[in-house]
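For reference, the structure is listed below as structure tokens.
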Amino acid sequence: KAGVTQTPRYLIKTRGQQVTLSCSPISGHRSVSWYQQTPGQGLQFLFEYFSETQRNKGNFPGRFSGRQFSNSRSEMNVSTLELGDSALYLCASSLVLGSAQDTQYFGPGTRLTVL
Amino acid sequence: GNSVTQMEGPVTLSEEAFLTINCTYTATGYPSLFWYVQYPGEGLQLLLKATKADDKGSNKGFEATYRKETTSFHLEKGSVQVSDSAVYFCALRTGGGADGLTFGKGTHLIIQP
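Here the protein sequences come in this chain order: V and F.
Per the numbering used here, residue 121 is the first one in the first sequence, and the count goes up by one each step.
Per the numbering used here, residue 9 is the first one in the second sequence, and the count goes up by one each step.
As structure tokens, then:
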């Protein structure tokens, strides 16, 4: 079974631009979560989608948004980019929504650099 | 809120040495506990997990036991290899999972031949 895929793997943008990242979950997985990884803050939860609806959200500004499609694929959007948005963005998929016991499987990430 | 504390390293060991990476946590509610590993340039891979007290997770020679009384989930391996060099993350998620996974800062492990 194919794993979680993310595109693109690398992005370079300038301040003020907006960016869209894509994630395809493992086949049969219906929940998709997004995380930001930076050297300073470590790994932080952004949001979780299930059945095309955002179900849970971390402590990030409204510039960070996302959506999920009927095939469970998800996109994440960051508007008005700031230098501090430079990070590795990781997508994770799991079978069910919000379960402590369910395992989240991660993709390889998208490395975003904001200049 | 939830939090995870682990040594950040780098931790440098010789091949075939015994490994322990400490992980302690605080959680509101009853968490499940996880260890993930990240190799250079890659995403996170699940190494092992435990979902209730006294459970032992194991995989690829690594083990960790869920200790509720000491709120700990220490990672151990009896004999490390150069290929184990990576960053290891301890994480938890509580029932309902509204906050997603909460991660420690990660421990950079370097194994020398």
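Ideal Cβ placement from N, Cα and C applies to all residues, glycine included.
As the structure is a computational prediction, the values presented were derived from the model and not from experiment.
- In the three-state DSSP reduction, residue 90(F) falls in the helix class (H, G or I).
- In the three-state reduction of the DSSP assignment, residue 203(V) falls in the helix class, which pools H, G and I.
- Just measuring C-alpha positions, the residue of 167(V), 204(V), 220(V) and 178(V) sitting nearest residue 195(V) is 167(V).
- With the criterion set as a beta carbon lying under 9 Å from some beta carbon of chain V, the members of the region 93-111 of chain F are 97, 99, 100, 101, 102, 103, 104, 105, 106, 107, 108, 109, 110 and 111, in sequence order.
- Interface flag for residue 22(F) against chain V is unset, since no Cβ pair is found closer than 8 Å.
- The criterion of a C-beta distance shorter than 8 Å is not satisfied by residue 176(V) and residue 140(V).
- Contact check for residue 41(F) against residue 58(F) passes: the beta carbons are separated by less than 8 Å.
- Residues of the region 148-162 of chain V whose Cβ lies closer than 8 Å to any Cβ of chain F, in chain order: 153, 155 and 162.
- The beta carbons of residue 11(F) and residue 110(F) sit about 7 Å from each other, so the pair counts as a contact at 8 Å.
- Residue 34(F) is classed as exposed because its beta carbon has fewer than 16 other beta carbons within 10 Å across all chains shown.
- For residue 177(V), the enclosing beta strand (DSSP E) stretches over residues 173-177.
- The CB of residue 48(F) never comes closer than 9 Å to any CB in chain V; the least such distance is about 12 Å.
- The shortest CA-to-CA distance from residue 9(F) to any of 102(F), 115(F), 89(F) and 27(F) is the one to 102(F).
- Less than 8 Å divides the Cβ of residue 164(V) from the Cβ of residue 178(V).
- Close to residue 59(F), with beta-carbon spacing below 8 Å, are these residues of chain V in chain order: 220 and 221.
- Measuring C-alpha to C-alpha distances from residue 93(F) to each of 20(F), 14(F) and 13(F) identifies 20(F) as the nearest.
- Chain V has no Cβ within less than 8 Å of the Cβ of residue 18(F).
- When the Cα atoms are used, residue 121(F) and residue 68(F) turn out to be separated by approximately 19 Å.
- For residue 228(V), the closest Cβ of chain F is nearer than 8 Å.
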